[in-house]
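Taken in order, these protein sequences are the chains called A and B. The opening position of the first sequence corresponds to residue 1 in the working numbering, with each subsequent residue numbered one higher. The opening position of the second sequence corresponds to residue 1001 in the working numbering, with each subsequent residue numbered one higher.
Number of protein chains: 2
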Amino acid sequence: MAMTTLGFIGLGIMGKPMASHLVHAGHTLHVYSRTPADVEQLTSQGALGCADSRAVAERADIVFIMVPDTPDVEQVLFDTNGVAAGLGKGKVVVDMSSISPVETKQFADRLADQGVDMLDAPVSGGQVGAEAATLTIMVGGKQTVFDKVRPYFALMGKNITLVGDNGAGQTAKVANQIIVALTIEAVGEALLFAAKAGADPARVREALLGGFAQSRILEVHGERMIQRAFEPGFRVRLHQKDLNLALTAARQLGLSLPHTATAQELFNAVAANGGGDLDHSALVMALERLAGHTVT
Amino acid sequence: MAMTTLGFIGLGIMGKPMASHLVHAGHTLHVYSRTPADVEQLTSQGALGCADSRAVAERADIVFIMVPDTPDVEQVLFDTNGVAAGLGKGKVVVDMSSISPVETKQFADRLADQGVDMLDAPVSGGQVGAEAATLTIMVGGKQTVFDKVRPYFALMGKNITLVGDNGAGQTAKVANQIIVALTIEAVGEALLFAAKAGADPARVREALLGGFAQSRILEVHGERMIQRAFEPGFRVRLHQKDLNLALTAARQLGLSLPHTATAQELFNAVAANGGGDLDHSALVMALERLAGHTVT
Chain A
1 MAMTTLGFIG LGIMGKPMAS HLVHAGHTLH VYSRTPADVE QLTSQGALGC ADSRAVAERA
61 DIVFIMVPDT PDVEQVLFDT NGVAAGLGKG KVVVDMSSIS PVETKQFADR LADQGVDMLD
121 APVSGGQVGA EAATLTIMVG GKQTVFDKVR PYFALMGKNI TLVGDNGAGQ TAKVANQIIV
181 ALTIEAVGEA LLFAAKAGAD PARVREALLG GFAQSRILEV HGERMIQRAF EPGFRVRLHQ
241 KDLNLALTAA RQLGLSLPHT ATAQELFNAV AANGGGDLDH SALVMALERL AGHTVT
Chain B
1001 MAMTTLGFIG LGIMGKPMAS HLVHAGHTLH VYSRTPADVE QLTSQGALGC ADSRAVAERA
1061 DIVFIMVPDT PDVEQVLFDT NGVAAGLGKG KVVVDMSSIS PVETKQFADR LADQGVDMLD
1121 APVSGGQVGA EAATLTIMVG GKQTVFDKVR PYFALMGKNI TLVGDNGAGQ TAKVANQIIV
1181 ALTIEAVGEA LLFAAKAGAD PARVREALLG GFAQSRILEV HGERMIQRAF EPGFRVRLHQ
1241 KDLNLALTAA RQLGLSLPHT ATAQELFNAV AANGGGDLDH SALVMALERL AGHTVT
């Protein structure tokens, strides 16, 4: 059997370093991006440029996709010159974008009708994780397909988990973003309370790290709030997109997420005041605005 | 100088094991509790029973207090037969109850007028931590007073931090309880979302523990939600009391705590349905009620 040929569609801040890792490991990689300059950067490293997504799917056995949002994935997959038009039976589509878990299942069903397996494999870890190949990858799909793609995931990330069937990867990613946002909010309320009550938030944070309030967010984002270190990191506007996935899916599924809803409103308030490109720990600024008082 | 004589007022679920540790370390301990049977249990271990709080304060150099709430501390301190009536200059009062940070400062001021130093030293770790002498102790007051009392704290707990001046211990405890409640809520929304979207909450929890969503609460309380292990642990009604301290202080201080307020409402809903004595991870049951769906 010939060596597996790979494809990568979407060469933005995340996709570019991820695709680079595949090329540098010696794999044949066909690439496409709406931005020709991004394609050129990859071809200069040894990748093969394609005219559209369909061409990538015609040439590659496994097609990775990394684009911003649900409508972008739908377009890449099902447009006239999209992936689906170029696919043949036995090929695999791996969508690493962070998109709707509900629509992901529908996309997988449509591809299954063509005899094509899909994995949803959204990541966390951001640009830094993509460049360092240390992404956390949450995967939904069949075990056999996961086993086939796993060696390529291992070139892009470290903490790689098959969570369940199609959609389960996106579901885990949304669950992750809910917890991260709400824990940031929790740390923000607690440190602001401490400051307003006249205590030193830095010493309160220290005292709390040893107990049940411990979290990565209290460590990292708590420190950011105290140091006013709001350069991203993970941008407020990206977390707004992710909470929108959560709230849209909640409405579709029939589910109430009260704190996710108000956390989104607080992100909206930060963005309304010009903070959309700050790190998501800047959520505390919306609480500070409500209180007329800052953590430090 | 004679050996330091100790006093302990309040011998409930928490106070009894804490006082026991002091007696078993060989210290002379004068005790008082409203419940004579609790006093007898301590005197059978070698403590000396007193008729009221005033008598404890007359005999002891350092008086520890462990009672349920702010009005109880006020009564123990300032009633006719209270601690203040028996204190002399140079004595120390150590309030280990979890009460209002705002009123704590007022109590400390009133005692300072008598030449008496006070520490606020609330704990976390619950009955298990009290019995195992592994409590986290968050202290507010002067460094010199903290240094004097520290050896006795070390008999009752492990993670002992002077957070700041009077009130800072209570402030840290409230901040702790805010974070714990809101992180429980966050984990509840995320796991319920995962379940409703058709994923396995246990595998989602596993996948998330490696990333930024990591917390002690996701580990311990997330597992409780999945296993339906709602026996306490830390009871809903005690967390309601603590969030009431947060919300009351927020109003007094001029501060908005939106998620703390709705978390309290969710605890209220759990209690309204007979869950006041369940573990606080049962907060998820209020979310489940809203969704008409359970995590498992």
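Ideal Cβ placement from N, Cα and C applies to all residues, glycine included. Please read all numbers here as calculations on a predicted model, not as lab measurements.
Three-state secondary structure assigned by DSSP to residue i
i               : result
N1268 (chain B) : helix
N81 (chain A)   : coil
T262 (chain A)  : helix
V31 (chain A)   : strand
M1001 (chain B) : Residue confidence is low: M1001 (chain B) scores 43 on pLDDT, short of 50, so the model does not pin down where it sits. Its coordinate-derived value is still stated next. Note: M1001 (chain B) maps to coil in three-state DSSP.
A1291 (chain B) : helix
D1069 (chain B) : coil
D61 (chain A)   : coil
I1184 (chain B) : helix
G1015 (chain B) : helix
V1204 (chain B) : helix
I1179 (chain B) : helix
L1243 (chain B) : helix
T248 (chain A)  : helix
G129 (chain A)  : helix
V1116 (chain B) : coil
F8 (chain A)    : strand
R1110 (chain B) : helix
G1222 (chain B) : helix
R237 (chain A)  : helix
D52 (chain A)   : coil
T104 (chain A)  : helix
L1278 (chain B) : coil
Q256 (chain A)  : Residue 256 (chain A) is actually Ser in this sequence, not Gln. If DSSP states are grouped into helix, strand and coil, S256 (chain A) belongs with coil.
I1217 (chain B) : helix
G1140 (chain B) : strand
D1165 (chain B) : coil
S20 (chain A)   : helix
K1173 (chain B) : helix
L1135 (chain B) : strand
K158 (chain A)  : strand
Nearest-angstrom Cβ-Cβ length linking residue i and residue j, presumed shorter than 8 Å
i               : j               : result
I1062 (chain B) : V1076 (chain B) : That belief does not hold up - the Cβ atoms of I1062 (chain B) and V1076 (chain B) are roughly 15 Å apart, past 8 Å.
R54 (chain A)   : H30 (chain A)   : Actually they are not in contact, since the Cβ atoms of R54 (chain A) and H30 (chain A) sit about 11 Å apart, beyond 8 Å.
Q264 (chain A)  : L247 (chain A)  : 6 Å
H293 (chain A)  : V236 (chain A)  : At roughly 21 Å, the Cβ-Cβ gap does not stay under 8 Å, so H293 (chain A) and V236 (chain A) are not in contact.
A249 (chain A)  : A1269 (chain B) : Wrong, their Cβ atoms sit about 23 Å apart, outside the cutoff.
L1243 (chain B) : F1267 (chain B) : 7 Å
V174 (chain A)  : P101 (chain A)  : 6 Å
L1287 (chain B) : G1188 (chain B) : 5 Å
Residue i versus the options, residue with shortest Cα-Cα distance
i               : options                            : result
G26 (chain A)   : A:L155, A:A249, A:A186, A:P232     : A:L155
A1181 (chain B) : A:D69, A:Q177, A:H259              : A:H259
L208 (chain A)  : B:R1251, B:A1202, B:V1139          : B:V1139
Q1143 (chain B) : B:A1121, B:G1010, B:T1136, B:G1157 : B:A1121
E206 (chain A)  : B:K1241, B:F1267, B:T1136, B:A1269 : B:T1136
M14 (chain A)   : A:F234, A:Q252, A:A249             : A:F234
L162 (chain A)  : A:L119, A:T296, A:D52              : A:L119
D1117 (chain B) : B:A1084, B:L1245, B:L1278          : B:A1084
V1145 (chain B) : B:G1115, B:G1157, B:T1043          : B:G1115
S98 (chain A)   : A:N176, A:T28, A:F78               : A:N176
E1223 (chain B) : B:N1159, B:T1296, B:L1006          : B:T1296
N1159 (chain B) : A:D200, A:V204, A:G88, A:A186      : A:V204
A199 (chain A)  : B:T1183, B:E1074, B:G1141          : B:G1141
G157 (chain A)  : A:T134, A:G276, A:T171             : A:T134
Residue i Cβ short of 7 Å to the ligand GDP heavy atom set
i             : result
M66 (chain A) : As far as ligands go, the structure on display features none, and thus does not contain the ligand GDP.
Going along the stretch 1236-1262 of chain B in order, which residues come within less than 9 Å of chain A, judged by CB to CB distance? Residues passing the 9 Å Cβ filter: A1246, A1249, A1250, L1253, G1254, L1255, S1256, L1257, P1258, H1259, T1260, T1262.
Mind the definition here: the stretch 1180-1199 of chain B touches the stretch 1145-1154 of chain B only if three or more C-beta pairs lie below 8 Å; say whether that holds. Fewer than three beta-carbon pairs drawn from the stretch 1180-1199 of chain B and the stretch 1145-1154 of chain B are found closer than 8 Å, and the two stretches are therefore not classed as touching.
Check whether the stretch 41-55 of chain A and the stretch 18-32 of chain A touch, using three or more Cβ-Cβ pairs below 8 Å as the test. In short, these stretches touch, since the Cβ pair count reaches three.
Taking three-plus beta-carbon pairs below 8 Å as touching, is the stretch 158-174 of chain A in contact with the stretch 1111-1131 of chain B? With a cut-off of 8 Å on Cβ pairs, the stretch 158-174 of chain A is not in contact with the stretch 1111-1131 of chain B, counting fewer than three such pairs.
Output needed in chain order: residues of the stretch 127-147 of chain A with a Cβ under 7 Å from some Cβ in chain D. Chain labels in this structure do not include chain D; the protein chains are A and B.
At least three beta-carbon pairs within less than 8 Å, the stretch 102-120 of chain A to the stretch 129-137 of chain A: Output reads no: the stretch 129-137 of chain A does not touch the stretch 102-120 of chain A.
Evaluate contact between the stretch 1201-1218 of chain B and the stretch 205-217 of chain A, counting only Cβ atoms and requiring at least three cross-stretch pairs below 8 Å. Enough Cβ pairs lie closer than 8 Å, so yes.
Three CB pairs or more closer than 8 Å across the stretch 1084-1104 of chain B and the stretch 1027-1040 of chain B: Two segments are said to touch when three or more pairs of C-beta atoms, one from each, lie closer than 8 Å; by this definition the stretch 1084-1104 of chain B does not touch the stretch 1027-1040 of chain B.
When Cβ atoms are compared, which residues of the stretch 199-227 of chain A fall closer than 8 Å to chain B? Result list: A199, D200, R203, V204, E206, A207, L208, G210, G211, F212, A213, Q214, S215, R216, I217, L218, V220.
So if I threshold CB-CB distances at 8 Å, which residues from the stretch 183-195 of chain A count as touching chain B? Flagged, chain order: T183, E185, A186, V187, E189, A190, L191, L192, F193, A194.
When you check each C-beta in the stretch 1091-1107 of chain B against every C-beta of chain A, which residues fall closer than 7 Å? Within the stretch 1091-1107 of chain B, the qualifying residues are P1101.
Members of the stretch 158-176 of chain A that neighbour chain B once the beta carbon cut-off is set at 7 Å: For chain B, the residues of the stretch 158-176 of chain A that bring a beta carbon within less than 7 Å of one of its beta carbons are N159, T161, V163, G164, G167, A168, T171, A172, V174, A175, N176, in chain order.
Give me the subset of the stretch 38-70 of chain A whose CB atoms are less than 8 Å from a CB atom of chain B, sorted by chain position. Answer set for the stretch 38-70 of chain A: empty.
Short of 9 Å Cβ to Cβ, which residues in the stretch 22-36 of chain A face chain B? Answer in chain order: no residues at all.
Please identify, using Cβ separations under 7 Å, the residues of the stretch 108-124 of chain A that lie next to chain B, in order along the chain. Residues passing the 7 Å Cβ filter: S124.
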